[in-house]
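**Q**
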Amino acid sequence: DIQMTQSPASLSASLEEIVTITCQASQDIGNYLSWYQQKLGKSPQLLIHSATSLADGVPSRFSGSRSGTQYSLKINRLQVEDTGIYYCLQHYSAWTFGGGTKLELK
Amino acid sequence: QVNLLQSRAALVKPGASVKLSCKASGYTFTDYYIHWVKQSHGKSLEWIGYINPNSGYTNYNEKFKSKATLTVDKSTNTAYMELSRLTSEDSATYYCTRPQYRYNHNWFAYWGQGTLVTVSS
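Have a look at this one:
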């Protein structure tokens, strides 16, 4: 089974700051990686698919990148509405989520 | 627009079963797989399994093979997940979700609002 190790587990950042969240896959998953944002009491919402492609309607301050089996979600110029929990998901072999990153404002 | 409407919260007794529903609209129901995902309180997300609404073919996460049963009713565009022999470990929010494209191995683009299941005597 493919494991997704996500870090950090929690993060506190200031408005306008640059934030980076990473997921490390236990084996090669190519670009079969997506990122989601979940607000309290709501369903996850797609941000990035195919490791680097922005989903429709998602602000351009969000971006995804890949280096080998490490994947990153970057938020440029953090906004108030970006707080929440972020998850990565691999869908190369079955489907496995990362452990989540709770993002708060400092 | 694609919409997945899930059944309301359920309070069930230990040892009992519960059947959750997910009514799809805004697209051709039989063209897209439906997946189910578990989120225990304060925890991450776990993939339970999927069903092909056209053929009824199912595939489960090994962890949930003896716990969950996925079915569909094509006449009402509704997917179901039955959870059996419930324990406190099954208390969670359960989501149905649909991939972006018709082939199976792609990302989850659409999500239901979730159904909270509480197992308590």
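As you go down the protein sequences, you meet chains A and B in turn.
So the first sequence is numbered by this note's numbering: it starts at 1 and just counts up by one.
So the second sequence is numbered by this note's numbering: it starts at 1 and just counts up by one.
Each residue gets a CB set at the ideal place from its N, CA and C atoms; glycine is no exception.
Keep in mind the model is a prediction, meaning the values are calculated, not measured.
1) Note down, in chain order, all residues in the region 70–95 of chain A with a beta-carbon under 8 Å from any beta-carbon belonging to chain B.
2) Taking all protein chains shown into account, decide if ILE18 of chain A is buried (16 or more other Cβ within 10 angstroms of its Cβ) or exposed.
3) Which first and last residues belong to the beta strand (DSSP E) in which ILE75 of chain A is found?
4) Measure from the C-beta of ALA79 of chain B to each C-beta in chain A and report whether the shortest distance is under 9 Å.
5) Name, in chain order, the residues that DSSP records as bridge partners for ASN3 of chain B.
6) Below 8 Å between beta carbons is the criterion; list the residues of the region 102–120 of chain B that meet it against any residue of chain A, in chain order.
7) Tell me which same chain residues have a C-beta within less than 6 Å of the C-beta of ASN54 of chain B, skipping the five on either side of it?
8) Would you grab the beta carbon distance between THR20 of chain A and SER60 of chain A for me? Rounded to a whole angstrom, and I think it's under 8 Å.
9) Verify the CB distance criterion: does GLN100 of chain B have a CB-CB separation below 9 Å to chain A?
10) When you compare the CB of LEU46 of chain A with every CB in chain B, is at least one pair closer than 9 Å?
11) Which whole-angstrom value describes the C-beta separation of SER17 of chain B and GLU82 of chain B, a residue pair presumed to lie in contact below a C-beta threshold of 8 Å?
12) Report yes or no: do three or more beta-carbon pairs, one from the region 72–87 of chain B and one from the region 83–99 of chain A, lie closer than 8 Å?
13) Does the structure place the region 105–118 of chain B close enough to the region 2–11 of chain B that three or more beta carbon pairs sit under 8 Å?
**A** Put simply:
1) TYR87, LEU89, HIS91, TYR92, ALA94 and TRP95
2) exposed
3) 70–75
4) no
5) B:SER25
6) HIS105, ASN106, TRP107, PHE108, ALA109, TRP111, GLY112, GLN113 and GLY114
7) THR30
8) In fact, because the Cβ distance is near 16 Å, the residues do not count as touching under 8 Å.
9) yes
10) yes
11) 6 Å
12) no
13) yes
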